[in-house]
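Colleague: Numbering (our numbering), first residue to last: 36 to 276. Glycine residues also receive a C-beta, built at the ideal position from the N, C-alpha and C atoms. Here it is, the structure in full.
Shown next, in the form of structure tokens:
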């Protein structure tokens, strides 16, 4: 996370902090740079910075391809018990819909970086008695036989896409929203669509994902998780998974 701030933020200051509280190791990295979601949106030509959160969540996205593979945040967020990035009023937390990471009460990053203005804050939390290993993450999302000898990002074969991030201010009913979700999905062999936090889907959205995309890219395996019974029924009704 420190390297991300150094290589991507174009900032002048970086703040790091660690604190042990209630059996959790809590970590913070903050910078006064351009803002992570702004920079991703600018690099990917996105019309809304909220879509930058969606692209970041997928993995394999980087604004500095020569030095980074786009795997760091994806992997780090899954190694931690809690992980959140905040920037300019927007927030990325893989567990936002279930167990969002609370702000830490032992540090005020805004005060610590004064007179500079904080643009990006990364918060991480890990239980000191956690039994999770790095291999638990790598073997789930990477091809173990290729991790050591593949091109950067090539072994990274499975992603999980939080579909709710495409809702913006409306329900998932349009083909445009489906295309936002499936953008760059062809970079992976398996795409797990996480519907947690989604209460409704429309026919056009379902058709675009499960028929149009699936037909055009049969080499990409689509899986789903986190559907409510109602959403699962709608997806099935409209010809989806």
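Looking at C-alpha atoms only, which residue of 61, 254, 240, 64 is the closest neighbour of residue 271?
Modeller: Out of 61, 254, 240, 64, 240 has the C-alpha closest to the C-alpha of residue 271.
Colleague: Residue 240 lies in the alpha helix (DSSP H); which residues open and close that run?
Modeller: Note, residue 240: alpha helix (DSSP H), 238-242.
Colleague: So the alpha helix (DSSP H) residue 88 belongs to, where does it begin and stop?
Modeller: 85-93 is the span of the alpha helix (DSSP H), which, as asked, contains residue 88.
Colleague: Taking the alpha carbon of residue 120 as the point to measure from, which residue in 46, 170, 39, 176 has its own alpha carbon closest?
Modeller: Measuring from the Cα of residue 120, the nearest candidate turns out to be 39.
Colleague: Kindly indicate which residue of 199, 94, 61 has the alpha-carbon position closest to the one of residue 262.
Modeller: Residue 262 has its Cα closest to that of 199, out of 199, 94, 61.
Colleague: Got a sec? Which residues, its chain only, sit under 6 Å from residue 65 by beta carbon, not counting five neighbours each side?
Modeller: Closer than 6 Å at the Cβ level, and outside the excluded window around residue 65, lie 50, 144, 153, 156.
Colleague: For a test of the three-state rule: what should DSSP assign to residue 182, helix, strand or coil?
Modeller: Because the pLDDT at residue 182 is just 48, under 50, the model does not fix this residue reliably, and the point stays unresolved.
Colleague: Contact defined as beta carbons within less than 8 Å: I believe residue 158 pairs with residue 136. What is the distance between those atoms, to the nearest angstrom?
Modeller: Correct: roughly 6 Å between the Cβ atoms.
Colleague: Between which residues of its own chain and residue 185 is the CB-CB distance below 8 Å, once the five residues before and five after are set aside?
Modeller: Residue confidence for residue 185 is low, a pLDDT of 49 falling below 50, so the modelled location carries little weight; the figure read from the coordinates is stated next. 178, listed in sequence order.
Colleague: Could you check which residue in 45, 116, 255 has the C-alpha nearest to that of residue 167?
Modeller: Comparing Cα-Cα distances from residue 167 to each of 45, 116, 255, the minimum goes to 116.
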